[in-house]
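Offset between the sequence shown (1-based) and our numbering: plus 2.
Have a look at the structure below before the remarks.
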Amino acid sequence: MKGHESLSLGDTFLVALFCMALVFAILTLLFLCIRLFSYVLSLFTKKKAPVASPIVEQPSTVDIGDFSSGELKLYNVDERTAAMIMAIVSDESGIPLSELCFRSIKAVEKA
3 MKGHESLSLG DTFLVALFCM ALVFAILTLL FLCIRLFSYV LSLFTKKKAP VASPIVEQPS
63 TVDIGDFSSG ELKLYNVDER TAAMIMAIVS DESGIPLSEL CFRSIKAVEK A
């Protein structure tokens, strides 16, 4: 039976090398096609350079040193946890943190 001849070790390596070279060549071709399409699209979507506008610095009307919303008392809560709680309350309620006034934060023990 001539149709079922087995390949020698050298022929097997040649077939494997050919297949790997073919895959590498196809990947290189795909890479070049993507680069070409990217270049062509960049020609059509060429953006104009943004006009540099002068930055006008406005003086601050709020004195940050004088801003305080009172005293905050923490009961069994560290400052980091209290800061996270205040940020979450501000985010969930949609009220800016500067407009909220917290008087105390107390950890509730689970029974």
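Ideal Cβ positions, reconstructed from N, Cα and C, are used throughout, including at glycine.
Because the structure is a prediction, the values reported are computed rather than measured.
- Going by beta carbons, A89 and I107 fall outside the 8 Å limit.
- The bridge partners DSSP lists for Y77 are K108.
- The straight-line gap separating the alpha-carbon atoms of L9 and V42 is approximately 47 Å.
- Contact check for Y77 against A109 passes: the beta carbons are separated by less than 8 Å.
- Per DSSP, reduced to three states, the secondary structure at L102 is coil, with no helix or strand assignment.
- Per DSSP, the continuous alpha helix (DSSP H) segment holding G12 begins and ends at 11-46.
- In the displayed model, A113 falls within coil according to three-state DSSP, outside both helix and strand.
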